Structures are given as C-alpha cells and as structure tokens.
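Please read the structure below before turning to the comments.
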Amino acid sequence: MKVSMPDLISFAIYDGIPPQEEGMDPTVFWYWPKQTQKDVQLNEIGLYLTFTGFCRDFRASKDCQFVQTDTAFTCFGTLGSDVNVAACFNSTDPKYHRILVNSLEAFISVYFMFFSAPTRQKDGSLDRTSTFTFNEYVEELLNIFNCFPFIKRLPPSLSTWMMCEEILASAKNVLPIIKSAAFIYKDYLVHTCMKPKNFLALYLAYQAKIKALLDFAPINPPKNKFYWQLGVVGDPERPVVYFTSLNLLDTSVYTAIVSYNELTIFILLSTPKEIVPSAFLPLQNVLEQIMPNIEQECISILNHETIQKVPIYRDDGIFILQREKQKVLKSSKQNNQHPQNSQNALNEKFSETEYILEFLNETESEFIRVCAQTTPSSYIFMQKDGNQSTITSGQSESMADATSQFVEFLKSSKLG
C-alpha cells in the first residue's frame, strides 16, 4: 500500500504581532490558495493569533507547534522578525502529527537555504525583498509538503563506505574547493559527510524539483552514462558552468549535482576560482570511473535485503510481539519475594529484553527497530543496525508516543 502525505489545505505567512488597536485586522503577507477570499484569510489568521497567544501565556512563553480540529491539523512556525507561518493539512490521524510538524520545519530550513530571513523597516513594515520573495518563490516551495520529511538509509556496507570515501578523497585531490558531499541511490541515503539538517533540506528541495536546482537538468537523462544536473550544463559541444548558491555550512556555498542512472551525488563547493567547464573536467573523470561501481554495490545490497527474512508489518507500521506470560509472572514473583534486593530488579530488566533479543538475533535483516510494551505505561526499545544495537526503556502514554520519543533520542544521540 502506497502511503502519501496529507493534502495541504492552506498556507499562510502573517504578522505575528497582533493588531495594537481594537477593530484593526491582522496583517497577512502571503496566503495560499491565492483565490481565497480576504475575509476568510483574516478570520483564519485571527484565530491563529488568538490560539498561539493563549498557548504562549499558559505554557511559560513556549510557542505552540500545532493544533488539531475535527477536520484538519495545523502547524505553526516562524521565519524570524515575528513573521509567522502556518500550514493546514487535511488530516486528523495522530500518526501524522510529528511528520507534519517536521514537514513545516523542513519547509523553513529549505526557505533559509535559498533566502535570507525577513527584516522589518523602521515603521514595522516588511522589507521589499522579503515581500518579493513571498510573491515570487514561496508557491513553488509548497511542493516540499508533498514529500515525507525524512529519507531511508541504505543498509550499512563497508565496501560502499570505502568506495564513497575513495571518490571523495580523489575528488578533493583534483578539486580542493569541495567541502562535502552526499550519495543517494533512488530514495536511499548511501553515504554523506554533510550535516543531517543541511542534507535533508537539500534532498527535499531536490525531491520537490525546485527550479533553482533542476532548471538545467536533462529532460531525458542518458542511461549508463555520467551526466550533470547542476554544474557543467547546456550543450555538450558548448557547455556552461551554472551553480546554485545556498546558505549552508554557516556560510554561502555552491552546489553541484551529478548522476549516473539512479545514483546521484550532491556536492558542496566553496567559491570556484575558475568558472569555466575545463576546470571541472578532472572531477568528472574521477566520478565517471567510480560511480558505476557504487551503483552496482547499491543494487546488490538492496537485492540482498529483499530476499532476507524480514518481519511483516501491519499498515500502521507496528509489528506486535506476544511475550510468554510465565516469564513475566516468574520475574514479578521473584521481585516481590526480595523487594530489598536491587539485583532482582536488574534481573527482571534482562528477562523483559530476553524475548526481543532472541527475535533480533533470529532476524537476518541488517536494520530493524522494535518497540515492546512491558507494562501499561512502560516500553523497551531496541534497534539493530548491522553489528550495532541500541537498547533503552521509557515511560509513555501510548506506543506511538513512545516510538516517537525513541526516534528523537536516536537523532539527538546521532545513532539513527
């Protein structure tokens, strides 16, 4: 079953500073759909200001991230200078809450990747550059909401890692201005030395087919042949150099995109000394030699994963494991007999994880995550990633919340 993002109902950029006088209307800088009546826009923004202001007053000045009604889910964010954004989605499914919040955060990251933060003039009005940006470019950026705000990762492979590191080392040797790069096969991340937030913003902009990245990409890409999507583009007989400047790595960098079949590499460069096609020929020679080998390795890994015995998941993404009740009762009984002995509590912890460890060891898949409910409010989480395993436990009201907390823990610990 193919899963897709909920439809975007409306998107607004508005003044986060409420009207100072009674009877004044809130300020709407930009609204989509554009044909929406002005009164509808003002009523909606007025509700946003009232709700977010109320939440801020009663949540120790913390901003509200989202609100759900019986028909829609709305996320809130800011572009700075009290310029707020709100995205309303056609969804009431709790499983999408964190995804939709992350989607708006990704939109803001992509916006800052291409444009600077809005600024205000002395009278409090918005600067002309920001107004022009909203009117000319924001509608295209809404394609970001068609993409899930994450990317799958190719199962770890030492040979793939060595190939990618080899190509990076060789590329930097012939073109020292290369700062970092990321390798993608189909919709899998193969290898990257970019910051995760920067990579995700660039990947989503690429997936959303933002013109600044793909305006010169070939309409009919060649098969079994290296080609530039961004960088050395145009007529092969008379190529030109075209890079897109992005706000990444805490500075401005140039971006090149190259491909070989379904293998794509994002390359970040500092300012080139020579903006001529011949200056990038040594880099092209290096990439042409190794990219076919990386592609074959990726195909081999994915084919191997397909034939492995992997657990069958339900439509909601949860696979339920039933534990033996005898083990639980035995463990609880031991604990009641010796409440003063902390070692019994530790033994109980191990007995709770024993069944899941056995399951992980029997599973031949290289990558798997498991969430197990041990009491009505207690959960154990395990992740197997190749030879590395991560185990932790926590308290939560539901399995969905517990899983979300675990994923956030992995991200913050740089384990996921």
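Start counting the sequence shown at 5; every next residue gets the next number (our numbering).
Yeah, the Cβ is synthetic: ideal placement off N, Cα and C, and Gly gets one too.
Being a predicted model, the structure only gives us computed values, none of them experimental.
TODO: Please say whether K183 and V257 have beta carbons closer to each other than 8 Å?
DONE: For V257 and K183, yes; Cβs fall inside 8 Å.
Open item on the list: In the DSSP output, which residue or residues are listed as bridge partners for L272?
Closed with: Within the DSSP secondary-structure output, L272 pairs in a beta bridge with S184 and T259.
TODO: Take every Cβ of the region 119-136, pair it with every Cβ of the region 41-52, and state whether three or more of those distances are shorter than 8 Å.
DONE: Taking 8 Å as the limit for Cβ pairs, the verdict is that the region 41-52 does not touch the region 119-136.
- [ ] Could you round the C-beta distance between A185 and L287 to whole angstroms and report it? I think they count as a contact, below 8 Å.
- [x] No, A185 and L287 are not in contact; Cβ-Cβ is about 11 Å, not under 8 Å.
Open item on the list: Measuring only the C-alpha atoms, how far is D74 from Y207?
Closed with: Rounded to the nearest whole angstrom, the CA to CA distance from D74 to Y207 is 33 Å.
Task: Proximal residues to F45 (C-beta, below 6 Å), its chain only, five neighbours per side dropped - done: It is worth fixing the name first, because residue 45 is Gln in this sequence and not Phe. Sequence-distant Cβ neighbours of Q45 in its own chain, meaning closer than 6 Å and more than five residues away, are V32 and Y35.
TODO: Note the first and the last residue of the continuous alpha helix (DSSP H) segment covering V71.
DONE: That residue, V71, is in no alpha helix (DSSP H); its beta strand (DSSP E) goes F70 to Q72.
Task: Distance CB(A212)-CB(C168) smaller than 8 Å - done: No. Outside cutoff.
Task: Limits of the unbroken alpha helix (DSSP H) element including L172 - done: Element bounds for L172: L162 to V178.
Task: For I155, three-class secondary structure by DSSP - done: Correct three-state label for I155: coil.
Open item on the list: Please classify M28 as buried or exposed, where buried requires at least 16 neighbouring CB atoms within 10 angstroms.
Closed with: M28 is exposed by the Cβ-count criterion.
Open item on the list: Helix, strand or coil for L267? Go by DSSP, reduced to three states.
Closed with: When secondary structure is reduced to three states using DSSP, L267 falls in the strand class.
Open item on the list: Taking a contact to mean a Cβ-Cβ separation below 8 Å, would you say C68 touches F80 in this structure?
Closed with: Less than 8 Å divides the Cβ of C68 from the Cβ of F80.
Open item on the list: List, from N- to C-terminal side, the beta strand (DSSP E) runs of 3 residues or more that fit wholly inside the region 228-252.
Closed with: Whole beta strand (DSSP E) segments, 3+ residues: 230-237, 244-246 and 248-252.
Open item on the list: Does T164 pass the burial test, meaning 16 or more other C-beta atoms within 10 Å, or should it be called exposed?
Closed with: Buried.
Open item on the list: Count Cβ pairs between the region 187-202 and the region 218-229 that sit closer than 8 Å; are there 3 or more?
Closed with: The answer is no - the region 218-229 does not touch the region 187-202, with fewer than three Cβ pairs under 8 Å.
- [ ] Below 8 Å on the Cβ atoms is my guess for L250 versus I298; work out the distance and round it to an integer in Å.
- [x] The C-beta distance from L250 to I298 rounds to 24 Å, too long to fall under 8 Å, and the pair is not in contact.
- [ ] Would you check if the distance between the CB atom of P394 and the CB atom of Q387 is smaller than 8 Å?
- [x] The sequence shown places Thr at residue 394, rather than the Pro named in the question. Taking 8 Å as the Cβ cut-off, T394 and Q387 qualify as a contacting pair.
- [ ] Please state if the CB of I294 and the CB of E170 are separated by a distance shorter than 8 Å.
- [x] Here E170 is near I294, since their CB atoms are less than 8 Å apart.
TODO: For A406, I'd like the list of residues in its chain whose CB is within less than 7 Å of its CB, leaving aside the five on either flank, ordered along the chain.
DONE: Same-chain partners within the cutoff: C375, Y383, G398 and S400.
TODO: Return the CA-CA distance between E301 and Y210, expressed in angstroms with no decimal places.
DONE: Each residue's Cα considered, the two are about 23 Å apart.
TODO: Rounded to whole angstroms, what's the CA-CA distance from F93 to A16? Just pull it up for me.
DONE: Our two residues, F93 and A16, have alpha carbons roughly 12 Å apart in a direct line.
Task: Own chain partners of P343 with C-beta closer than 8 Å, once the 5 adjacent residues on each side are dropped - done: At P343, the pLDDT of 43 sits below 50, so the modelled position is not reliable; the number obtained from the coordinates is stated separately. Excluding positions up to five away in sequence, the list is empty.
Task: Option in T255, S304 and E292 with minimal Cα separation from T275 - done: With distances taken between Cα atoms, T275 lies closest to T255.
TODO: Please report the residue range of the beta strand (DSSP E) in which V87 lies.
DONE: Counting along the chain, the unbroken beta strand (DSSP E) around V87 starts and ends at V87 to F93.
- [ ] Report buried or exposed for E241, applying the criterion of at least 16 other Cβ atoms within 10 angstroms of its Cβ.
- [x] For E241, the number of other beta carbons within 10 angstroms of its own is below 16, and it is reported as exposed.
Open item on the list: For E109, tell me which candidate among P122, A91 and F413 has the shortest Cα-Cα distance.
Closed with: The option with the nearest alpha carbon to E109 is A91.
- [ ] Report yes if the CB atom of A404 is closer than 8 Å to the CB atom of P10, and no otherwise.
- [x] The criterion of a C-beta distance shorter than 8 Å is not satisfied by A404 and P10.
TODO: Drop a sphere of 10 angstroms on the beta-carbon of S402, count the other beta-carbons inside from all chains shown, and report buried for 16 or more, exposed for fewer.
DONE: Note on S402: under 16 other CB atoms within 10 angstroms of its CB, so exposed under the neighbour-count rule.
Task: Element boundaries [alpha helix (DSSP H), containing A110] - done: In the DSSP assignment, A110 falls within the alpha helix (DSSP H) that extends over H101 to F118.
- [ ] Please report the Cβ distance between I305 and L145, rounded to the nearest whole angstrom; I am assuming they are in contact, meaning their Cβ atoms lie under 8 Å.
- [x] Between L145 and I305 the Cβ distance is about 33 Å, and since that is not below 8 Å, they are no contact.
Task: For T248 and A260, the rounded distance between their alpha carbons - done: A260 and T248: Cα-Cα distance of roughly 8 Å.
Task: 7 Å CB neighbourhood of Q326 in its chain, flanking five on each side removed - done: For Q326, the pLDDT reaches just 45, beneath the cut-off of 50, and the residue's location in the model is therefore unreliable, although a value from the coordinates is still provided. Nothing meets the Cβ criterion.
Open item on the list: I believe L83 touches I112 by the beta-carbon criterion, under 8 Å. Please report the beta-carbon distance rounded to the nearest angstrom.
Closed with: About 7 Å separates the beta carbon of L83 from that of I112, a gap short enough to meet the 8 Å contact definition.
- [ ] Grab the span of the alpha helix (DSSP H) containing V32 for me, first residue to last.
- [x] No alpha helix (DSSP H) holds V32; the beta strand (DSSP E) holding it covers V32 to W36.
TODO: May I ask which residues mark the beginning and end of the beta strand (DSSP E) holding F149?
DONE: Element bounds for F149: n/a, residue is neither H nor E.
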